[in-house]
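In my numbering, the protein residues as written are 3 to 317.
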């Protein structure tokens, strides 16, 4: 939305995810920028329920019913109340602070990459790596987080080794105070304006407000939705990390549908976490892999644990 598209369709099979999207979009429409940060939970506020009543008329009936039943989450600030966010804040963060809290505090204030590299060298001890290995046990992600992307289709032998290698690269190449995910992981919040998620940058507030009504929200499995869409309907596809959630057969079926519903020279992008899926060989006659874009994203995107695949549709 920050790029002000003509239209945007958001598809998710989980209704609660769409209710959250509705809530955020309505917050942008009804609240000031500072109120948005307060309402979501980034800045402190004891007026979140009053803000909710202000934006509630903008919600669909189903979303309003859902949030009326979850006002405690609204009081807490919804952006940090998800299962993963609570796990990282309540389990991971205390362990990190206990082991290397003083150095992490300095890292978050680093004024240059050179300073950050020196501090990371002090952080990157046996105790630091051992803490990551402890937190990366398969049982934690399977039974506590119940997140299939950590184990269902993993092609990485060791989650801990993989994350350590990605952290090594990120800490020595990119300012972590500009990385929303690492800043949250190491502090429990987004402590700098530069560390906010992109959609919460001050420069994007008015653009998102203007574009809020361009969003169509669909609650359905992605493959089912695409099967009902006419040919040549879209020109951009952001597929998140779907490769880690589904079988190869389902994954190829979705990409095949995307080729059908895309306009010529349409672009799709998806992220790989532990499942390292490239564009299937049998689809390459219709897809040009954008190697330079992929290289740039892999080296510079703030989602440090992910790698990217980007393709252009040829018709």
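Where is the CB? At the ideal position from N, CA and C, for every residue including glycine. All of these numbers come straight from a predicted model, not from anything done at the bench.
Continuous alpha helix (DSSP H) stretch holding residue i: start and end
i: residue 57; result: 50 to 57
i: residue 30; result: 17 to 32
i: residue 295; result: 293 to 302
i: residue 175; result: 161 to 175
Option nearest residue i by Cα separation, candidates the options
i: residue 11; options: 310, 283, 231; result: 231
i: residue 78; options: 86, 98, 51; result: 51
i: residue 293; options: 304, 280, 38, 287; result: 280
i: residue 260; options: 227, 298, 186, 302; result: 227
i: residue 9; options: 245, 312, 20, 215; result: 215
i: residue 114; options: 273, 284, 177, 285; result: 177
i: residue 315; options: 96, 6, 295, 262; result: 262
i: residue 284; options: 7, 307, 254; result: 254
i: residue 220; options: 62, 278, 245, 207; result: 62
i: residue 76; options: 92, 97, 129, 44; result: 44
i: residue 103; options: 122, 304, 313, 117; result: 122
i: residue 4; options: 92, 180, 203; result: 203
i: residue 27; options: 112, 206, 170; result: 206
i: residue 243; options: 236, 222, 270; result: 270
i: residue 287; options: 313, 295, 278; result: 313
i: residue 190; options: 170, 236, 91; result: 91
i: residue 317; options: 182, 237, 266; result: 266
i: residue 130; options: 34, 163, 264, 179; result: 163
i: residue 306; options: 125, 167, 127; result: 167
i: residue 7; options: 213, 181, 239; result: 213
i: residue 42; options: 58, 137, 173, 25; result: 25
i: residue 69; options: 17, 34, 303, 120; result: 17
i: residue 170; options: 30, 264, 301; result: 301
DSSP three-state assignment for residue i, whether helix, strand or coil
i: residue 2; result: No answer is possible for residue 2: the residues shown for the chain start at 3 and end at 317.
i: residue 44; result: coil
i: residue 227; result: helix
i: residue 185; result: helix
i: residue 10; result: strand
i: residue 260; result: helix
i: residue 246; result: helix
i: residue 191; result: coil
i: residue 5; result: coil
i: residue 266; result: strand
i: residue 197; result: helix
i: residue 305; result: coil
i: residue 62; result: coil
i: residue 255; result: helix
i: residue 204; result: helix
i: residue 278; result: coil
Which residues DSSP lists as bridging residue i, in chain order
i: residue 273; result: 310
i: residue 217; result: 10
i: residue 315; result: 289
i: residue 240; result: 271
Below-7 Å beta-carbon distance, residue i vs any chain C residue
i: residue 236; result: The structure shown contains no chain C, having only a single protein chain.
- Uninterrupted alpha helix (DSSP H) stretches inside the segment 69 to 157 (no shorter than 4 residues): Listed in chain order, they are 73 to 78, 85 to 89, 95 to 109, 115 to 125, 128 to 137.
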